[in-house]
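Colleague:
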Amino acid sequence: MLRKGLGLDIGTTKTTICSIDDGVLLREPTVAAVDVDTDEVMEAGDAAIEMVNNSPDKMRLCWPVWDPVVKSAEVLAAILRIFFRRAIGRTLLRPQVMVAIPCDLTEAQSNAVEDAVLAAGASRVHLLEAPLCAALGVGLDFASPTGQMLVHIGASRTEAAMIFIGDMVTHVTVQTGGKHFDNAVIRYMRNKHKLYIGTRTAEQIKIRLTNLSSTHEEKKLDVKGRFVDTKVPRIVTLSSREMLGALRDPLSAVLDAIVSVVEQTGDDMRADIAKGGIVLTGGAVLTGMDQLLADVMGLRARVAANADTAAAEGAALALERLGK
Ligand SMILES: Nc1ncnc2c1ncn2[C@@H]1O[C@H](COP(=O)(O)OP(=O)(O)OP(=O)(O)O)[C@@H](O)[C@H]1O
Ligand SMILES: [Mg+2]
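Quick note on our numbering: the sequence shown kicks off at 8 and runs consecutively.
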């Protein structure tokens, strides 16, 4: 391929850019620093957050992707333009891009993604569903005539898919992901411990304390917040044993999606799942989720080593295959 080929995963919270030759080139928050007076996008990603922290009067943050919907195509294009330059430098030949997209996008939403990537400077844009990209990215064999099950968990949605020779035979999407885990932690702290905490604290608790394996060694974490009744600051010690209960509702939604796919799968391929197990990808896979699936469903599961970048890496691979 003469042009640089890029795999692109535009997430609600994180964007990842990969190429076949160089692997992961960029993984940064899908956010822009916007000038409050002119509405101009001044920075993107980690640098945007720093810019807004340094001058909160002059700048505001804008997250242009909300659930599956591109809220602001212009801001997204401006972010991607900055990201492309950061990932591959200034090039005369515009890159060709394969975008990993959610399975539940409408045609209008897919068009909005395509337009934003073109406006950001791509020469050509191709779209492929994220579970297929992730499957390629973790090295599942598309030539093998065996059913393979993959569950991709992002910040705003979970996509469970049964894949057979490079196609999705069945897939189920639920609007539940990492953000919903954070919200469940906030609700749990308020109801159980009478403590108000913010989203950032909830995310930290989720990442540092969660272990869904029933046999894990217990951990404890001191959590700072405000007492619900008096608003006075207070510290509560939280145990990892509480996390399964705290995350019960969103976890049930994720498990429902996985079970629905298994239920819709014929006997032959069910045997394939029993043999090959389930592969988990996406940034929001919780520690011990593989164990939980084994406990609840009696199916083997493994978290991919490159879970959070698999979709973008697989998109780059899919682009290379297209060129051959
Ligand atoms: N160690 C961790 N354990 C559990 N969750 C994590 C961990 N690290 C990050 N996360 C969560 O992963 C999510 C980001 O994952 P990912 O990059 O796959 O989402 P996204 O692509 O932005 O979202 P979507 O695809 O749903 O639009 C966030 O919700 C974040 O809180
Ligand atoms: Mg994603």
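Note that the Cβ used here is the ideal one computed from N, Cα and C, for glycine as well.
Fair warning: this is a prediction, and the values are worked out from it, not measured in the lab.
(1) Determine, using beta carbons only, whether ALA39 and ALA84 come nearer to each other than 8 Å.
(2) Which residues count as close to ligand 2 when the rule is a CB under 5 Å from any of its heavy atoms, in chain order?
(3) Tell me whether VAL239 sits in a helix, a strand or coil according to DSSP, three-state version.
(4) From GLY52 to GLY289, what distance separates their C-alpha atoms?
(5) Touch check for the segment 135 to 143 and the segment 163 to 173: three-plus C-beta pairs under 8 Å?
(6) Return the chain-ordered list of same chain residues with a C-beta closer than 6 Å to the C-beta of VAL192, the five sequence neighbours on each side being excluded.
(7) For MET276 and VAL268, I'd like the C-alpha separation in whole angstroms.
(8) Quick one: is the Cβ of SER163 within less than 7 Å of any heavy atom of ligand 1?
(9) Should the segment 181 to 195 be regarded as contacting the segment 305 to 320, the criterion being three or more beta carbon pairs within less than 8 Å?
(10) Cα-Cα, which of ALA322, ALA129 and LEU287 is closest to LEU307?
(11) Any heavy atom of ligand 1 closer than 7 Å to the beta-carbon of LEU68?
(12) Based on the DSSP output, what are the partners of VAL286 in its beta bridges?
(13) For a minimum of 3 consecutive residues, which ranges assigned as the beta strand (DSSP E) are wholly contained in the segment 142 to 216?
Modeller: Here's the rundown:
(1) For the purposes of this step, residue 39 is taken as residue 32 along the sequence shown, with counting starting at 1. For the purposes of this step, residue 84 is taken as residue 77 along the sequence shown, with counting starting at 1. Not in contact: ALA39 and ALA84 (Cβ atoms no closer than 8 Å).
(2) GLY18 and GLY161
(3) As a position in the sequence shown, residue 239 is number 232, starting the count at 1. Coil, per DSSP.
(4) Taking the sequence shown and counting its residues from 1, the one referred to as residue 52 is at position 45. Taking the sequence shown and counting its residues from 1, the one referred to as residue 289 is at position 282. Roughly 19 Å separates the two Cα atoms.
(5) yes
(6) On the sequence shown, residue 192 is found 185 positions in, with the first residue counted as 1. Here the set comprises ALA209, ILE212, LYS213 and ALA253.
(7) In the sequence shown, counting from the first residue as 1, residue 276 sits at position 269. In the sequence shown, counting from the first residue as 1, residue 268 sits at position 261. Those two C-alpha atoms are separated by around 11 Å.
(8) On the sequence shown, residue 163 is found 156 positions in, with the first residue counted as 1. Yes, since a heavy atom of ligand 1 falls inside the 7 Å radius drawn around the Cβ of SER163.
(9) no
(10) Taking the sequence shown and counting its residues from 1, one reaches residue 307 at position 300. The question names Leu, but residue 307 is Arg in the sequence shown. Comparing Cα-Cα distances from ARG307 to each of ALA322, ALA129 and LEU287, the minimum goes to LEU287.
(11) Locating residue 68 in the sequence shown gives position 61, where the first residue counts as 1. The answer is no for LEU68.
(12) Taking the sequence shown and counting its residues from 1, the one referred to as residue 286 is at position 279. In DSSP, VAL286 forms a bridge with LEU157 and ARG309.
(13) 155 to 160, 165 to 171 and 174 to 181
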